[in-house]
Amino acid sequence: MTPTLRPSPGAPGARVLGWGSSQPQRVVTNDELAERVATNDNWIRERVGIVSRRIADPETPLVEIAADAGSKAVADAGLSPTDVDSIIVATCTMPNPIPNAAAQVGTRIGLAAPGAFDINTACAGFCYGLGIASDLVRAGSSRHVLVIGAEKLSHWLDWDDRATCIIFADGAGAAVVGPAPTTDDAGIGPLVWGSDGSQYPLIRILGEPGESGLLHQEGQAVFRWATTQVAPIALRAIERAGLAPEDIDVFIPHQANLRIIDAVTKRLRKEGAREDMRVAQDIVHSGNTSSASIPLAIDHMRAAGQISRGDVMLLVGFGAGLSYAGQVVICP
Ligand code: UT7
């Protein structure tokens with residue numbers, strides 16, 4: 021007779037327990053970039069919204085920035101590293117595909133033999149990771165999951181291409197996901213996710229195997245896609261959580277371009293989001309850090325007192341793939 025397998029005892033719900041972030045020390049201004057490529061401070065501020073960004077030293081590995089953010093999130097959750105049994109690193113900028121980032125980052129932080137894997141959905145990566153972490157906790161596969169979005173885009177940039185080198189930057193942001201005692205205490209709403217692989221050429225690293233490729237982006241086409249498609253994804257995430265647009269206290273979209281953020285916010289307000297809904301604008305001093313941009317923005321807004329415990333936050337990531345994901349999260 022086929023035996024019945026014992027299921028893992030899952031948690032009634034999952035919630036975020038702590039946040040952390042890390043950025044390189046070096047601030048790169050628009051004027052500094054204008055010394056290298058034909059651009060200027062005014063164009064970058066007006067067309068993208070960036071004033072400065074952080075760029076890592078070439079010898080600083082991505083896993084070091086990721087581990088710094090992860091350690092802070094574990095401490096913020098009030099846990100010790102050995103309480104964390106799995107780690108997910110969302111990244112699209114590891115210098116080599118093998119080994120992954122997660123196992124190294126886990127060792128640097130002091131996690132004890134965690135389940136460790138990377139996900140690559142570019143700028144949607146953190147929201148994918150948060151959704152997967154919530155499911156792992158609810159299914160009983162993990163008790164505490166560390167989710168980190170970490171990028172060292174500077175490694176893959178063509179520093180002579182003014183269309184991309186002024187946009188992208190380095191950094192990491194992290195969250196610890198753990199069990200909620202009851203379904204009423206759950207703090208991570210259903211994940212709305214998807215992709216459109218037919219549009220893969222719009223953002224990619226071009227290069228043959230063995231060559232070091234460089235990041236290429238068809239900016240206008242991605243801009244058009246983002247300004248039309250991101251708001252419906254965000255509205256679906258609100259609806260799947262059983263909420264209405266007016267329930268959202270803080271909107272944290274991927275920090276790709278201030279004009280995209282403004283266009284999506286305008287659309288959400290048209291659908292009922294409040295005028296006093298706070299909107300992340302971390303791109304101004306952090307640039308576009310792909311999978312790190314959402315948790316970086318959250319951690320900076322928390323430190324600035326712009327997000328507090330119990331706030332209803334709407335997250336939505338989008339980018340290369342093309343890939344997208346969003347969910348509603350209650351701030352711990
Ligand atoms: O994170 C992943 C998802 N990514 C995104 O969501 C990015 C979406 N796209 C964008 O944010 C924008 O398309 C960019 C910021 C990438 C570009 O802004 P744009 O307003 O779409 O500029 P454009 O590509 O239409 O270029 C307009 C003009 C061009 O000159 P001409 O042909 O009109 O003479 C460009 O050559 O601006 C020129 N240009 C620049 N000028 C000064 C392009 N880059 C620069 C620059 N400085 N850095």
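Heads up: the sequence shown is residues 21 to 352, going by the numbering used here.
Ideal Cβ positions, reconstructed from N, Cα and C, are used throughout, including at glycine.
Since the model is a prediction, treat every value here as computed from it, not as a measurement.
Endpoints, the alpha helix (DSSP H) within which residue i is located
{"i": "Gly151", "result": "145-159"}
{"i": "Val304", "result": "303-306"}
{"i": "Ser284", "result": "The question names Ser, yet the displayed sequence has Val at residue 284. Note, Val284: alpha helix (DSSP H), 278-290."}
{"i": "Thr247", "result": "239-260"}
{"i": "Arg26", "result": "Careful: Arg26 lies outside any alpha helix (DSSP H) and carries neither H nor E."}
{"i": "Ile118", "result": "No alpha helix (DSSP H) contains Ile118, which DSSP labels as neither H nor E."}
{"i": "Glu66", "result": "61-67"}
Whole-angstrom C-beta distance between residue j and residue i, which should lie under 8 angstroms
{"i": "Ala254", "j": "Val284", "result": "7 angstroms"}
{"i": "Arg128", "j": "Val83", "result": "6 angstroms"}
{"i": "Thr113", "j": "Glu52", "result": "About 21 angstroms; that fails the 8 angstroms criterion."}
{"i": "Ser246", "j": "Ala276", "result": "Note that residue 246 corresponds to Ala in the displayed sequence, not to Ser. Between Ala276 and Ala246 the Cβ distance is about 7 angstroms, and since that is below 8 angstroms, they are a contact."}
{"i": "Val109", "j": "Ala122", "result": "4 angstroms"}
{"i": "Ala76", "j": "Ile85", "result": "6 angstroms"}
{"i": "Val36", "j": "Ala195", "result": "5 angstroms"}
{"i": "His175", "j": "Leu99", "result": "Between Leu99 and His175 the Cβ distance is about 31 angstroms, and since that is not below 8 angstroms, they are no contact."}
{"i": "Gly297", "j": "Asp269", "result": "The question names Gly, but residue 297 is Met in the sequence shown. Sure, about 7 angstroms apart at Cβ, within 8 angstroms."}
{"i": "Gly169", "j": "Gly193", "result": "5 angstroms"}
{"i": "Ile70", "j": "Gly307", "result": "5 angstroms"}
{"i": "Val212", "j": "Ala257", "result": "4 angstroms"}
{"i": "Leu316", "j": "Cys147", "result": "Rounded, the Cβ-Cβ distance is 14 angstroms, inconsistent with contact."}
{"i": "Ser154", "j": "Ser343", "result": "18 angstroms between Cβ atoms; not a contact."}
{"i": "Ile208", "j": "Val349", "result": "6 angstroms"}
Under the three-state DSSP convention, the category residue i falls into
{"i": "Val165", "result": "strand"}
{"i": "Gly339", "result": "strand"}
{"i": "Ile187", "result": "coil"}
{"i": "Gly126", "result": "helix"}
{"i": "Pro265", "result": "helix"}
{"i": "Asp138", "result": "strand"}
{"i": "Ser311", "result": "helix"}
{"i": "Trp179", "result": "coil"}
{"i": "Glu171", "result": "strand"}
{"i": "Pro81", "result": "coil"}
{"i": "Ile208", "result": "strand"}
{"i": "Arg294", "result": "coil"}
{"i": "Ala317", "result": "helix"}
{"i": "Ala87", "result": "helix"}
{"i": "Ala133", "result": "coil"}
Beta bridge counterpart(s) of residue i as assigned by DSSP
{"i": "Met333", "result": "Val270, Val349"}
{"i": "Glu55", "result": "Looking at the DSSP assignment, Glu55 forms no beta bridge with any residue, so it has no partner."}
{"i": "Arg74", "result": "Val47"}
{"i": "Lys92", "result": "Answer is none; Lys92 lacks a bridge partner."}
{"i": "Leu226", "result": "Leu234"}
{"i": "Ala192", "result": "Ser42, Ala170"}
{"i": "Gly198", "result": "Arg35"}
{"i": "Tyr220", "result": "For Tyr220, which the question treats as bridged, DSSP gives no partner whatsoever."}
Residue i: CB within 6 angstroms of a non-hydrogen atom of ligand 3
{"i": "Ile186", "result": "You won't find ligand 3 in this model; what it holds is ligand 1."}
Limits of the beta strand (DSSP E) - the one that residue i falls within
{"i": "Val109", "result": "106-110"}
{"i": "Ala34", "result": "33-42"}
{"i": "Val212", "result": "212-215"}
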